[in-house]
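Read through the structure below, which is laid out as structure tokens, and then see the notes.
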Amino acid sequence: MSVQTTSVEATIRRYILESFLFTDDESQLPDDASFLEEGIVDSTGVLELVMFIEETFDISVEDEEILPENFDSVTQLARYVHRKKESDPT
Amino acid sequence: MEQQTKPVKRCTRCILPETFPGIHFDEAGTCQFCRRQPGPEKRTERKARLRARFEELVEQIRPRPGYHCLMAWSGGKDSTYTLWLLKKQFGLHVLAFTFDNGFISPTALKNIRVVAENLGVDYILTKPRFDLLRQLFVASIQSDIYPPRALERASGICNTCMALAKGIGLRLALEREIPLLAYGWSPGQAPLSSALFRTNPSMLRTFLRAAMAPLQKATDGKVQPYFPQERHLETAQEMPYNVSPLGFLEYDEASALRRIEGLGWQRPQDTDPNSTNCLLNSFANQVHLEQMGYHPYVMELASLVREGYMSREEALSRLKVAASPEVVAAVRAKLRIPHRWRQQPPGDRQ
Ligand SMILES: [Zn+2]
């Protein structure tokens, strides 16, 4: 089964806006805004994000995969989810 | 003296006030945090999964020589109970450490000595020089050194203490190659998502940079000794797991208290009911309330209500506890806070 990148991105964006920025104003979150450097997501927040994507996209995130390059922006995270889904189609 | 109190609109399920950042209520008056709260089955399932993972981890660690677990022990009731659990329920060889911020109540320090002995655990007390701590605490209240989200669950002063305690703990665990780093966060203090996790050097570098930056700035770069350095990360054979057992184990405040009182722990009479160890707490809460317009413990208490650990009435009554003027005055004097912070009438506490 293939996952549409756009819908993954939209789901992630909505979650970040609602849970971390408390807004539904899309312009507050550019696709490549750095979650970590801009203080949008802190160390506890990253783990909330991990739980969210595990449950939403039905994937299992390994501790070693919780890396800045996978979790630092909407684009990167969507790309990571996409890769996981493709490597482990269920 | 009668104080004029203005009514604060609160979520009808938990206790979050209208002044909480980004909050919105539906027609029933329920906040978005309550609406998004997963049902009890989901939470039970998550907890069971975490518990199973933790038990598996304990099985792997227990046969090893040396310390199995480093416990961040404030001497308060939750961390003391967690210490008991790790040692007695899980049979781990625990090293406890206490970060002394200069304001641990004398009763809490006595509790630490008595309980460590009665429970049979080694412990380390880390006490950074007070002039440095003072600089950090003054900076924590005088400027907006933390992003707003960091202040939703804790005051600026609490954030500073937590950053130091976590930094010291992580460094100790890495230096002594201890595989497990435990915290006594209660169910309301830490989300389930962070109750058990292992970080990796690359993510840790990013978070350490973020955690240290405001503290380094406030002290001209003097907080290095309290945080892991690049060499610790480079040479680490394995990164420690972080665990907050109270997040996923059965937790009942009354039985936890009975258990630790059996170890000689006594409730300090000199702190406020939201903290059983720290004299700085009520001052930190007061400053936060005035600056942010909501109580720094409101999110924690709201979570406890939402998850059924505490009644709404009990949570509201904890918010209304006024800081002891003597304790606050002593804290101000010790920190040499240059001007008087305006006192907030108790009815306005949110
Ligand atoms: Zn609510």
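Heads up: the protein sequence lines correspond to chains A and B, in order. Using our numbering, the letters of the first sequence map in sequence onto residues 1 to 90. Using our numbering, the letters of the second sequence map in sequence onto residues 91 to 440. No residue lacks a Cβ here, since even glycine has one placed at the ideal position from N, Cα and C.
Helix, strand or coil at ASP212 (chain B) according to DSSP, with G and I counted as helix: Position 122 of the second sequence, counted from the start, is the residue given in the question as residue 212 (chain B). Three-state DSSP puts ASP212 (chain B) in a strand.
Proximity test, ARG141 (chain B) beta-carbon vs ligand 1 heavy atom, cut-off 7 Å: Numbered from 1 along the second sequence, position 51 holds the residue referred to as residue 141 (chain B). No, Cβ of ARG141 (chain B) sits at least 7 Å from all heavy atoms of ligand 1.
Residues near SER73 (chain A) by beta carbon distance below 8 Å, same chain, minus five either side: Start at 1 with the first residue of the first sequence, and residue 73 (chain A) comes out as number 73. The answer, listed in chain order, is ASP31, ASP32, ALA33, SER34, PHE35.
Member of B:ALA253, B:LEU209, B:ASN201, B:ILE202 whose CA lies at the smallest distance from the CA of LEU223 (chain B): In the second sequence, counting from the first residue as 1, residue 223 (chain B) sits at position 133. With distances taken between Cα atoms, LEU223 (chain B) lies closest to B:ALA253.
Pairwise C-alpha distance: GLU48 (chain A) and LEU260 (chain B): Indexing the second sequence from 1 puts residue 260 (chain B) at position 170. Indexing the first sequence from 1 puts residue 48 (chain A) at position 48. Spanning the two alpha carbons is a distance of roughly 21 Å.
Option nearest PHE144 (chain B) by Cα separation, candidates B:ASN191, B:VAL388, B:LEU270, B:GLU343: As a working note, residue 144 (chain B) is residue 54 in the second sequence. Residue B:LEU270 is the option with its Cα nearest to PHE144 (chain B).
Unbroken stretches of the beta strand (DSSP E), 3 residues or longer, contained in the region 313-346 of chain B: Correct list: 331-333.
Beta-ladder partner(s) of VAL184 (chain B), from DSSP: Locating residue 184 (chain B) in the second sequence gives position 94, where the first residue counts as 1. DSSP lists B:CYS159 as the beta-bridge partner residues of VAL184 (chain B).
Residue(s) in a DSSP beta bridge with CYS368 (chain B): On the second sequence, position 278 is the one that residue 368 (chain B) refers to. B:ILE194, per the DSSP bridge assignment.
Under 8 Å from the C-beta of ILE12 (chain A): neighbouring residues of chain B: In the first sequence, the residue the question calls residue 12 (chain A) occupies position 12. Identification of chain B residues near ILE12 (chain A) by a Cβ-Cβ cut-off of 8 Å yields none; the smallest Cβ-Cβ distance measures about 16 Å.
CB contact check: GLU26 (chain A) to chain B, cutoff 8 Å: Taking the first residue of the first sequence as position 1, residue 26 (chain A) is located at position 26. No, GLU26 (chain A) lies away from the interface with chain B (no Cβ there is under 8 Å from its Cβ).
beta-carbon GLU126 (chain B) near ligand 1 non-hydrogen atom, thresh 7 Å: Mapped onto the second sequence, residue 126 (chain B) falls at position 36. First, the amino acid is wrong: residue 126 (chain B) is Arg here, not Glu. For ARG126 (chain B), the distance from the CB to the nearest heavy atom of ligand 1 is not below 7 Å.
Span separating the alpha-carbon of ARG432 (chain B) from that of PHE317 (chain B): The count along the second sequence starts at 1 and reaches residue 432 (chain B) at position 342. The count along the second sequence starts at 1 and reaches residue 317 (chain B) at position 227. With a pLDDT of only 49 at ARG432 (chain B), under the threshold of 50, the placement of this residue in the model should not be trusted; the figure read from the coordinates follows. Straight across, the Cα-Cα distance linking ARG432 (chain B) with PHE317 (chain B) is about 35 Å.
Check: PHE123 (chain B) C-beta below 7 Å from any heavy atom of ligand 1: Here residue 123 (chain B) refers to the residue found at position 33 of the second sequence. Checking every heavy atom of ligand 1 against the Cβ of PHE123 (chain B), one is found closer than 7 Å.
CA nearest to the CA of ASP310 (chain B), picked from B:LEU175, B:CYS159, B:GLN225: Along the second sequence, read from residue 1 onward, the residue named residue 310 (chain B) stands at position 220. Of the candidates B:LEU175, B:CYS159, B:GLN225, the one whose C-alpha sits nearest the C-alpha of ASP310 (chain B) is B:GLN225.
Contact under 8 Å by Cβ, LEU425 (chain B) with ALA405 (chain B): Taking the second sequence and counting its residues from 1, the one referred to as residue 425 (chain B) is at position 335. Taking the second sequence and counting its residues from 1, the one referred to as residue 405 (chain B) is at position 315. It is not a contact, given that the beta carbons lie outside the stated cut-off.
GLN76 (chain A) classed as buried or exposed, judged by whether at least 16 other C-beta atoms fall within 10 angstroms: Translated into positions along the first sequence, residue 76 (chain A) becomes position 76. GLN76 (chain A) is buried by the Cβ-count criterion.
Chain-ordered chain A contacts of ALA240 (chain B) [CB-CB under 9 Å]: The residue given as residue 240 (chain B) occupies position 150 in the second sequence. Per Cβ cutoff of 9 Å: GLY39, ASP42.
Members of the region 161-195 of chain B that neighbour chain A once the beta carbon cut-off is set at 9 Å: Listed in sequence order: no entries.
Own chain residues within Cβ distance below 6 Å of PRO291 (chain B), not counting five before or after: In the second sequence, residue 291 (chain B) corresponds to position 201, counting from 1. Contacts found: LEU323.
Start-to-end residues for the beta strand (DSSP E) that takes in ARG288 (chain B): Indexing the second sequence from 1 puts residue 288 (chain B) at position 198. Where ARG288 (chain B) is concerned, the enclosing beta strand (DSSP E) starts and stops at 286-288.
Chain-ordered chain A contacts of ALA300 (chain B) [CB-CB under 9 Å]: One-based indexing of the second sequence puts residue 300 (chain B) at position 210. Correct list: LEU36, GLU37, GLY39, ASP42, SER43.
Min CB distance SER2 (chain A) to chain B below 8 Å: For the purposes of this step, residue 2 (chain A) is identified with residue 2 of the first sequence, where counting begins at 1. Caution is warranted here: a pLDDT of 47 is assigned to SER2 (chain A), below 50, making its placement in the model unreliable, and the coordinate value is therefore given only provisionally. No, SER2 (chain A) does not count as interfacial toward chain B.
The region 280-298 of chain B: positions lying closer than 8 Å to chain A by Cβ: Hits within the stretch, in order: ALA280, PRO281, LEU282, SER283, SER284, PHE287, ARG288, THR289, ASN290, SER292, MET293, THR296, PHE297.
Any non-hydrogen atom of ligand 1 closer than 7 Å to THR91 (chain A) Cβ: Residue numbering for chain A in the displayed model covers 1 to 90; residue 91 (chain A) lies beyond these limits and cannot be assessed.
Exposure label - GLY210 (chain B); buried when at least 16 CB within 10 Å: Counting from one through the second sequence, the residue named residue 210 (chain B) turns up at place 120. Exposure of GLY210 (chain B) is indicated by the presence of fewer than 16 other C-beta atoms within 10 angstroms of its C-beta.
is_contact[PRO30 (chain A), chain B] using C-beta, thresh 8 Å: As a position in the first sequence, residue 30 (chain A) is number 30, starting the count at 1. Chain B contact via Cβ: absent.
As assigned by DSSP and simplified to three states, the class of PHE227 (chain B): Here residue 227 (chain B) refers to the residue found at position 137 of the second sequence. The DSSP-derived three-state label of PHE227 (chain B) is helix.
Cross-chain neighbours of LEU77 (chain A) in chain B, by beta carbon under 8 Å: Along the first sequence, read from residue 1 onward, the residue named residue 77 (chain A) stands at position 77. None at all; the shortest Cβ gap to chain B is about 14 Å.
Where MET91 (chain B) sits in the DSSP three-state scheme: Along the second sequence, read from residue 1 onward, the residue named residue 91 (chain B) stands at position 1. Unreliable positioning characterises MET91 (chain B) in this predicted model, as indicated by a pLDDT of 38, which lies under 50. The coordinate reading is nonetheless provided below. The three-state secondary structure of MET91 (chain B), taken from DSSP, is coil.
Residue-chain proximity (THR23 (chain A), chain B), Cβ-Cβ < 8 Å: Locating residue 23 (chain A) in the first sequence gives position 23, where the first residue counts as 1. Taking 8 Å as the threshold, the shortest C-beta distance from THR23 (chain A) to chain B falls below it.
Closer than 7 Å: ARG103 (chain B) CB and nearest ligand 1 heavy atom: One-based indexing of the second sequence puts residue 103 (chain B) at position 13. Within 7 Å of the C-beta of ARG103 (chain B) there is at least one heavy atom belonging to ligand 1.
Beta carbon of VAL95 (chain A) nearer than 8 Å to that of ILE66 (chain A): Only positions 1 to 90 of chain A appear in the structure, and residue 95 (chain A) is not among them; the question remains open.
For ALA280 (chain B), the three-state DSSP class (helix, strand or coil): Counting from one through the second sequence, the residue named residue 280 (chain B) turns up at place 190. Collapsing the DSSP output to three states places ALA280 (chain B) in coil.
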